[in-house]
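To keep things clear, I will list the structure first and then write my remarks on it.
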Amino acid sequence: MMFTYLSCVLAMIFSLWTDVSRSQCPEKCSCDKHLVNCKGQLLSTIPLPLSNATVLYLDLSSNMIEFLPDDAFIGLPNLNDLNLNANRIGNITRKSFKGLTQLQTLYLSENDLKTIEDGAFEELPNLVQ
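Residues -23 to -1, 1 to 106 (mature numbering (1 follows the signal peptide of the UniProt record, and there is no 0)) make up the sequence shown, in order.
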């Protein structure tokens, strides 16, 4: 009897936790515990909210993003993989990737890059690719 009650309580807690993580998912994106997928959603700006310590992979490829605001990814301290391919990004500042100390892979191909400020990648000590 006690086991059944405990199982029901745990199931309810888990379902509430799942709903909370879905409510934190940016509009037009799909999310699970470690992935935020916003690929090909015609986004012109970085979607909000983007703050979750469990997110490891963020796909913003194939959109129309032109500008990376300073501190845009500050709420993703454990992000390992950031895909910004096939956007319209023209400039990268020293603060564009601030806080991404765990980032290992950064995809920037097929953009309109004109300016990359000195020190733009200094805060990415684990960047491999």
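Note that the Cβ used here is the ideal one computed from N, Cα and C, for glycine as well.
Exposed or buried, which one is residue i when buried takes at least 16 other CB atoms within 10 Å?
| i | result |
| --- | --- |
| alanine 30 | exposed |
Could you say which of the options lies nearest to residue i if we only look at CA atoms?
| i | options | result |
| --- | --- | --- |
| aspartate 36 | Thr92, Glu43, Leu12 | Leu12 |
| tyrosine 84 | Gln106, Pro26, Leu53, Ile69 | Gln106 |
| leucine 77 | Gln1, Ile93, Lys91, Ala97 | Ala97 |
| phenylalanine 74 | Lys91, Pro3, Asp48, Glu94 | Asp48 |
| asparagine 40 | Pro46, Lys5, Gly52 | Lys5 |
| proline 46 | Lys72, Ser38, Pro3, Ser7 | Lys72 |
| asparagine 60 | Phe44, Ser38, Glu99, Gly52 | Ser38 |
| leucine 90 | Ser7, Phe44, Cys8, Gly52 | Phe44 |
Does the Cβ-Cβ distance between residue i and residue j come in under 8 Å?
| i | j | result |
| --- | --- | --- |
| isoleucine 69 | isoleucine 42 | no |
| glutamine 79 | proline 54 | yes |
| asparagine 62 | serine 86 | yes |
| proline 24 | cysteine 15 | yes |
| leucine 33 | leucine 56 | yes |
| asparagine 64 | asparagine 88 | yes |
| glutamine 81 | aspartate 95 | no |
From the DSSP output, which residues share a beta bridge with residue i?
| i | result |
| --- | --- |
| serine 7 | Asn14 |
| threonine 31 | In DSSP, threonine 31 forms no bridge with anything. |
| residue 159 | This structure gives no information on residue 159, because the portion of the chain shown stretches from -23 to 106. |
| isoleucine 93 | Ile69 |
| asparagine 60 | Asp36, Tyr84 |
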